[in-house]
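Participant: What follows is a structure written as structure tokens; I'll ask about it next.
Shown next as structure tokens:
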């Protein structure tokens, strides 16, 4: 399948474009002698990403942001399709599929926020720009939370697939670190301490690269496995969607969907059949 063979390239392209844009913008500002842009505040000496993006590098800023979020969101959509088609460990409940859908939806909202903040620059549209920055951050943090919830449930069924556990922890660390830094960024900016705020913004943007690359970890197994080969659940989870013979009740994953039967059936001798 073509999607399985090329999907892993999407997060790499996204990360390279994002890092390349950040490096070009920071390098340009430093090479120009760290100029004081019109969007700077009086006691500000370090440029925010948005300050450089509001200069003559605005076309680069718009293009870089747009390509990054489009390829990242396409990677998330490809991941969903590959799970559905059996090239990656499949979702075992409707709740997991709902979490995946919510992750994609909130990521698209976050993508719209980043594209719009690059268009409505901080120099000419400061209030719209700040609002779209909040949409971008909140959208992708929520998306990461939904993905972590999905992967945590997948990991219950596919304990023999450590890749799910690795990806879960990468994304969980991203959530914790980025939320903490975003709070610090907001506090510093609100207190008019713009230089520390600018430094935090650059750090937040760079750490986001690690989150992008975590999707390479998710998608690459699809290249090496045939459809359905990753869908053998943990042996302890055998009996998916079946009732146990004794009680007629299956265990659930907390979302109302049965995912494995009771681990043992009665071993007591049964009376002989009365059929003749």
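Residue numbers (our numbering): -14 to 261.
Even for Gly, the Cβ is constructed at its ideal location relative to N, Cα and C.
For residue 65, name the three-state secondary structure that DSSP assigns.
Facilitator: helix
Participant: Mapping DSSP to helix, strand and coil, what is residue 150?
Facilitator: helix
Participant: If you reduce the DSSP assignment to three classes, tell me which class residue 20 lands in.
Facilitator: coil
Participant: Taking the alpha carbon of residue 180 as the point to measure from, which residue in 26, -4, 2, 16 has its own alpha carbon closest?
Facilitator: For residue 180, the closest of 26, -4, 2, 16 by C-alpha to C-alpha distance is 26.
Participant: So, at 6 Å on beta carbons, what are the nonlocal neighbours of residue 4 in its own chain, with the 5 sequence-adjacent residues on each side left out?
Facilitator: 194
Participant: Taking the alpha-carbon of residue 111 as reference, which of 33, 2, 130 has the nearest alpha-carbon?
Facilitator: 33
Participant: Since residue 9 contacts residue 45 with CB under 8 Å, what's their CB separation in whole angstroms?
Facilitator: Yes, residue 9 and residue 45 are in contact; Cβ-Cβ is about 6 Å, under 8 Å.
Participant: Please identify the residue among 106, 35, 160 whose C-alpha is closest to the C-alpha of residue 132.
Facilitator: Nearest neighbour of residue 132 by Cα position, chosen from 106, 35, 160, turns out to be 160.
Participant: Here's the rule: buried if 16 or more other CB atoms are within 10 angstroms of the residue's CB, otherwise exposed. What is residue 206?
Facilitator: buried
Participant: Assuming residue 74 and residue 68 are in contact, meaning their beta carbons sit under 8 Å apart, how far apart are those beta carbons, in whole angstroms?
Facilitator: Sure, about 7 Å apart at Cβ, within 8 Å.
Participant: Taking just the CA atoms, how far does residue 85 sit from residue 185?
Facilitator: 30 Å
Participant: Please report how far the alpha carbon of residue 158 lies from the alpha carbon of residue 151, in whole angstroms.
Facilitator: Between the alpha carbons of residue 158 and residue 151 lies a distance of about 11 Å.
Participant: Judging by CA-CA distance, which residue of 201, 178, 11, 117 is the nearest neighbour of residue 153?
Facilitator: 201
Participant: Count the CB pairs spanning the stretch 77 to 95 and the stretch 108 to 124 that are closer than 8 Å, and state whether there are at least three.
Facilitator: Output reads yes: the stretch 108 to 124 touches the stretch 77 to 95.
Participant: Please classify residue 168: is it buried, with 16 or more other beta-carbons within 10 angstroms of its beta-carbon, or exposed?
Facilitator: exposed
Participant: Can you say whether residue -4 is buried or exposed, counting buried as having 16 or more other CB atoms within 10 angstroms of its CB?
Facilitator: buried
Participant: Quick one: using the 10 Å Cβ neighbour count with 16 as the cut-off for buried, is residue 28 buried or exposed?
Facilitator: exposed
Participant: How many Å lie between residue 83 and residue 41 at the Cα?
Facilitator: 42 Å
Participant: Whole-angstrom Cβ separation of residue 108 and residue 190, contact assumed at under 8 Å?
Facilitator: Not really, about 19 Å apart at Cβ, beyond 8 Å.
Participant: With burial defined as no fewer than 16 other Cβ atoms inside 10 Å of the residue's Cβ, what is the status of residue 175: buried or exposed?
Facilitator: exposed
Participant: Consult DSSP for residue 182 and reduce its assignment to one of helix, strand or coil.
Facilitator: helix
Participant: Under a Cβ-count criterion, where at least 16 other Cβ atoms within 10 Å of its own Cβ denotes burial, should residue 19 be classed as buried or exposed?
Facilitator: Residue 19 should be labelled exposed.
Participant: Between 162, -8, 104, 171, which has its C-alpha nearest residue 66's C-alpha?
Facilitator: Comparing Cα-Cα distances from residue 66 to each of 162, -8, 104, 171, the minimum goes to -8.
Participant: Whose C-beta lies closer than 6 Å to the C-beta of residue 155 among residues of the same chain, with five residues either side of it excluded?
Facilitator: 199
Participant: Enumerated in chain order, which unbroken segments of the beta strand (DSSP E) with a length of 3 residues or greater are wholly contained in the stretch 58 to 118?
Facilitator: none
Participant: Looking at C-alpha atoms only, which residue of 117, 162, 0, 77 is the closest neighbour of residue 49?
Facilitator: 0
Participant: Three-state secondary structure (DSSP) at residue 175?
Facilitator: helix
Participant: Rounded to a whole number of angstroms, what is the C-alpha to C-alpha distance between residue 37 and residue 43?
Facilitator: 8 Å
Participant: Which class does residue 31 belong to by DSSP, given the choice of helix, strand or coil?
Facilitator: coil
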